[in-house]
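One structure is given below, encoded as C-alpha cells.
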Amino acid sequence: MISHVLPTYNRFPIAFDRGEGSWAITADGTRYLDLGAGIAVNVLGHANPDLVATLTEQAGRIWHVSNIYNIPQQEHLADLLVEHSFADTVFFTNSGTEAAELAIKMARKYWDHEGQPDRIEILTFEGAFHGRSTGAIAAAGSEKMVKGFGPLMPGFRQLPFGDMAALKAAISDKTCAVMIEPIQGEGGIRPLTDDELREVRGLCDQTGALLILDEVQCGMGRTGRLFAHEFAGITPDIMMVAKGIGGGFPLGAVLATEKAAAGMVAGTHGSTYGGNPLGCAVGAKVMQIVSDPAFLAEVSRKAGLFRQRLEGLVAAHPEVFESVRGQGLMLGLKCKVAPGDMVKAGHDQHVLTIAAADNTLRLLPPLNISDEDIAEAVARLDRAAGSLDG
Ligand SMILES: *Cc1c(COP(=O)(O)O)cnc(C)c1O
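Start counting the sequence shown at 2; every next residue gets the next number (my numbering).
Given below as C-alpha cells:
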C-alpha cells in the first residue's frame, strides 16, 4: 500500500525534533552536526535567535496579504538586494524552481518585447539542476528527471558543462539566453573558473543573448562573496536566488536588470504567496546579516580553515577520497567510494552530509559554523572515512 506521503523521496530513518546552531537534534536528544543545512538553506544555523525574533514579531503582526496591495517588507528586501547586487528589480517566489520558471519566462518575454518572438532557444548545461517544474526539468534535461514526463517544453539545448568550444559553436544571434550555475550544486560542486564565466559573459555580449545565472545554491554568502559571480567580476542579466535567502523560510527571488525585465509589465506574472510579509521580514534579516562584509570575511576565513583540514582528511584516506573542491563553504569531497556510503558512515558518527552527482560528497554547513564545530566535523568525517578504509 502506498504511504500517505507520496513516496518520491529516499529518506533516511532519522527525524529531527529541534536544532541549535550547527546541530540538529532528535527527539531522544541525539545531536548530529549538520553539514547539509537543509541543502544550503539554514545559512544562519538552526533556531537562530535573530531570525526567531524577527519571524515571531512579524507573525504576531501580519503573515500574508495579497500582492494586489503594497507590501512594505517586500519593498525593503528588494531594496537590500538591489543595493547589494547588479540588479535593478526583484520578483519574489517561494522556491528556486519558481525562480527558474520566471527567469525562463522573462528571457523569452524580453525577445518578444524586442520584436524577435522566435528567439526562444536557451542554452543550458549537462549536470545542471534548476528545479522540478516542467520548465526546469526541460532546462536541465537529465534523464532521471525527465523520463516519463514528456512532452517537454521545447527550446532548451544542453551543452557539456565548462566546454567553452561547444558554447562558442552553439551560441548565435538567435540565442535567447544562456542559463548556468556558476558552481553546479547537485551536479557535484563543479565550479566554472573565473575565466570561463567571463568567457560566457563575453559570448552573451557578442550575440546579445541574456545571461541567466542560477545562484540558488551558491548565492547568499555561501562562497564567501554575497554572490558567486562576483569572483569573476561579471554580472548577469537575470539571476535566480532561493535556498539561503530565507534562512529556512521558503523564499526565492529573481533579480534582473531593468533592461532584461523590460517585458514584465503588470499582469505578465504573479504569485499568491511569493513575497509575503512573513517571508520577506525573515529574508531582510538574513540579508542584513549575510551581506555584512565582516560576516562574509568570516565565511572566507572559516572556509580556509575547513578546506585545509579537509585536504588533510583526503591525504589520510586515499582509498576513500580523491580531492577537495568548491568555493567558500560550498565544498565537495570527490570520493573513490560511493558518496552514499560516506553519507551513511557519517550518520553513524552523527554528522550530516549530502551526496551529489559526479561521485561527490557535499559539505554545506551553516555559514556561521564555529571553528570548534569545524574541528569536530573533520574529526567525525575522519572516523566515518576510517570505517570505509580498505
Ligand atoms: C535547489 C536548487 C533549485 C531548485 O530550488 P527549489 O527551492 O528546490 O525549488 C534550482 N537551482 C539550483 C542550483 C538548486 O540548487
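Quick reminder that beta carbons are idealized off the backbone N, C-alpha and C, glycines included. Every value quoted in this text rests on a predicted model; they were computed, and no experiment measured them.
Q) Which class does Trp-112 belong to by DSSP, given the choice of helix, strand or coil? A) In the three-state DSSP reduction, Trp-112 falls in the helix class (H, G or I).
Q.
Under 8 angstroms: do the region 216 to 228 and the region 175 to 188 share three or more Cβ pairs, one atom per stretch?
A. yes
Q: Out of Lys-244, Thr-55, Glu-259, Thr-98, point me to the one whose CA is closest to Pro-237's CA.
A: Glu-259
(Q) Quick check on the burial criterion: 16 or more other C-beta atoms within 10 angstroms. Buried or exposed for Thr-31? (A) exposed
Q | Where Gly-341 falls, given that 16 or more other Cβ within 10 Å makes a residue buried | A | exposed
Q) What distance in whole Å lies between the Cβ atoms of Val-44 and Gly-203, which are believed to be in contact at a cut-off of 8 angstroms? A) Not a contact, Cβ separation roughly 31 angstroms.
Q | Complete alpha helix (DSSP H) runs within the region 190 to 218 (minimum length 4 residues, chain order) | A | Whole alpha helix (DSSP H) segments, 4+ residues: 195 to 208.
Q) Does DSSP classify Met-180 as helix, strand or coil? A) strand
(Q) Let me make sure I understand the geometry here. Which of Leu-256, Gly-136, Glu-84, Leu-252 has the alpha-carbon closest to that of Asp-293? (A) Glu-84
(Q) Am I right that Val-392 and Gly-222 are in contact with their C-beta atoms under 8 angstroms? What's the rounded C-beta distance? (A) Here the chain covers residues 2 to 391 and nothing more, so residue 392 does not appear.
Q) Going by the C-beta, is Gly-97 closer than 7 angstroms to any heavy atom of ligand 1? A) Yes, ligand 1 has a heavy atom inside 7 angstroms of this Cβ.
Q | Ala-101 CB to nearest heavy atom of ligand 1 below 7 angstroms | A | yes
Q. Considering Phe-307, what are the terminal residues of the alpha helix (DSSP H) in which it resides?
A. In the DSSP assignment, Phe-307 falls within the alpha helix (DSSP H) that extends over 294 to 317.
Q) Among Gln-289, Leu-365, Ile-239, which has the Cα closest to the Cα of His-77? A) Gln-289
Q. Between the region 110 to 128 and the region 258 to 272, do at least 3 Cβ pairs fall closer than 8 angstroms?
A. yes
Q.
List, from N- to C-terminal side, the alpha helix (DSSP H) runs of 4 residues or more that fit wholly inside the region 83 to 135.
A. 97 to 114
Q. Cβ of Lys-244 versus every heavy atom of ligand 1: is any distance shorter than 7 angstroms?
A. Yes, Cβ of Lys-244 sits closer than 7 angstroms to a heavy atom of ligand 1.
Q. Anyone know if the C-beta pair for Cys-177 and Ile-123 falls short of 8 angstroms?
A. yes
(Q) Can you tell me whether Gly-234 is buried or exposed? The criterion is at least 16 other CB atoms within 10 Å of its CB, across all chains shown. (A) Burial state of Gly-234 is exposed, judged by a 10 Å Cβ sphere holding fewer than 16 other Cβ atoms.
Q | Residues near Asp-359 by beta carbon distance below 6 angstroms, same chain, minus five either side | A | Gly-189
Q. CA-CA distance, Tyr-70 and Thr-273?
A. 12 angstroms
Q) For Lys-337, does the three-state DSSP call read helix, strand or coil? A) DSSP, reduced to helix, strand and coil, places Lys-337 outside both helices and strands of the structure shown, so it counts as coil.
Q.
Helix, strand or coil for Asp-238? Go by DSSP, reduced to three states.
A. coil
(Q) I need the straight-line Cα distance from Ala-100 to Val-179, nearest angstrom please. (A) 15 angstroms
(Q) With a threshold of 8 angstroms on Cβ separation, who are the neighbours of Leu-227 within its own chain once the five nearest residues in sequence on each side are excluded? (A) His-85, Ser-86, Gly-220, Met-221, Val-291, Ser-292, Leu-297
**Q.** Pro-118 classed as buried or exposed, judged by whether at least 16 other C-beta atoms fall within 10 angstroms
**A.** Counting Cβ neighbours within 10 Å, Pro-118 comes out exposed, since fewer than 16 surround it.
Q. Which residues in the same chain have their Cβ closer than 8 angstroms to the Cβ of Leu-330, if we skip the five residues on either side of it in sequence?
A. Answer for Leu-330: Arg-223, Thr-224, Gly-225, Val-300, Lys-303, Ala-304, Phe-307, Leu-364, Leu-365, Pro-366, Leu-368, Ile-370, listed in chain order.
Q) Would you say Gln-218 touches ligand 1, meaning its beta carbon is less than 7 angstroms from a heavy atom? A) Indeed, a heavy atom of ligand 1 lies less than 7 angstroms from the Cβ.
Q. Looking at the unbroken beta strand (DSSP E) that takes in Ala-380, where does it start and where does it end?
A. Looking at the DSSP string, Ala-380 is not in any beta strand (DSSP E); the run it does join, the alpha helix (DSSP H), is 372 to 387.
Q.
Can you confirm whether the region 375 to 386 touches the region 49 to 58 when touching is taken to mean that 3 or more C-beta pairs between the two stretches lie within less than 8 angstroms?
A. no
Q. So, are the CB atoms of Cys-336 and Glu-320 less than 8 angstroms apart?
A. no
Q: Take Met-165 and list the residues in its own chain whose beta-carbon comes closer than 7 angstroms to its own, dropping the five residues that flank it on each side.
A: Glu-197, Glu-200
(Q) DSSP three-state label for Gly-247, please. (A) helix
**Q.** Alpha-carbon to alpha-carbon, Gly-391 and Pro-251
**A.** 42 angstroms
Q. Cβ atoms of Phe-13 and His-348: under 8 angstroms apart, would you say?
A. yes
Q) In three-state DSSP terms, what is Ile-26? A) Strand.
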